[in-house]
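Asker: Letter 110 of the sequence shown, counting from 1, is numbered 861 in the working numbering, and no numbers are missing. The C-beta atom is built at its ideal place from N, Cα and C for all residues, glycine as well.
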Amino acid sequence: QVHLVESGGGLVQAGGSLRLSCAASGSVFRINDMGWYRQAPGKQRDLVAVITSGGSTNYADSVKGRFTISRDNAKNTVYLQMNSLKPEDTAVYYCKADIVLGSYWGQGTQVTVSS
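(1) Since Asp823 sits in a beta bridge, which residues does DSSP pair it with?
(2) Which same chain residues, not among the five before or five after Asn827, have their C-beta less than 6 Å away from its C-beta?
(3) Keeping to the same chain, check which residues put their C-beta closer than 6 Å to that of Val829; ignore five residues upstream and five downstream.
(4) Taking a contact to mean a Cβ-Cβ separation below 7 Å, would you say Ala848 touches Gln790 in this structure?
(5) The beta strand (DSSP E) spanning Ile802 covers which residue range?
(6) Compare the Cα-Cα distances from Arg781 to each of Pro838, Met833, Ser804, Gly857 and report the closest residue.
(7) State the beta-bridge partners of Asn809 as determined by DSSP.
(8) Keeping to the same chain, check which residues put their C-beta closer than 8 Å to that of Ile850; ignore five residues upstream and five downstream.
(9) Determine, using beta carbons only, whether Leu771 and Gly759 come nearer to each other than 7 Å.
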C-alpha cells in the first residue's frame, strides 16, 4: 500500500508561481514512475508531467517550459514547480505513483489562477 499526500496548492495571479509537493509513505520501495495530473471542472483528468525512478521526465505540451517536475527519492517526495501560471492551469492537481501491479492517487490539491 502507498499513501500520497499533496500540498502547495492555492490561489495565485496569472504570471505567478506555485510549488506542489507530494509525499509518499507506506511501501515506497515499490514505486516506479511518479506523476502529476490535473482535472478542470467538467473535463477529464490529464497528464501534466511524469518522472521515472531514474529521473527521466515528460511533460504535456501545454506546460513545457513553464513547469518542472522533480523527485527526491530520499524523502519519497515529488515536486511540481509551476511558473508563468495561466488561468487555464486552474484545476485540481493529483499526484500518482505507479507500481508494478497498479497505481495510487493522492486526494488532490486545488490550484486557481486568476486573470
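Answerer: Taking the definition as stated:
(1) When beta bridges are read from the DSSP output, Asp823 appears opposite Thr828.
(2) Closer than 6 Å at Cβ, skipping near neighbours: Ala775, Val779.
(3) Within the same chain, Val829 has close Cβ partners Cys773, Met785, Arg822.
(4) Their beta carbons are not under 7 Å apart, which means Ala848 does not touch Gln790 by this criterion.
(5) Segment 797 to 802, the beta strand (DSSP E) holding Ile802.
(6) For the residues Pro838, Met833, Ser804, Gly857, the minimum Cα distance to Arg781 belongs to Ser804.
(7) In DSSP, Asn809 forms a bridge with Val801.
(8) Here the set comprises Val753, Ser778, Arg781, Ile782, Asn783.
(9) Cβ atoms of Leu771 and Gly759: closer than 7 Å.
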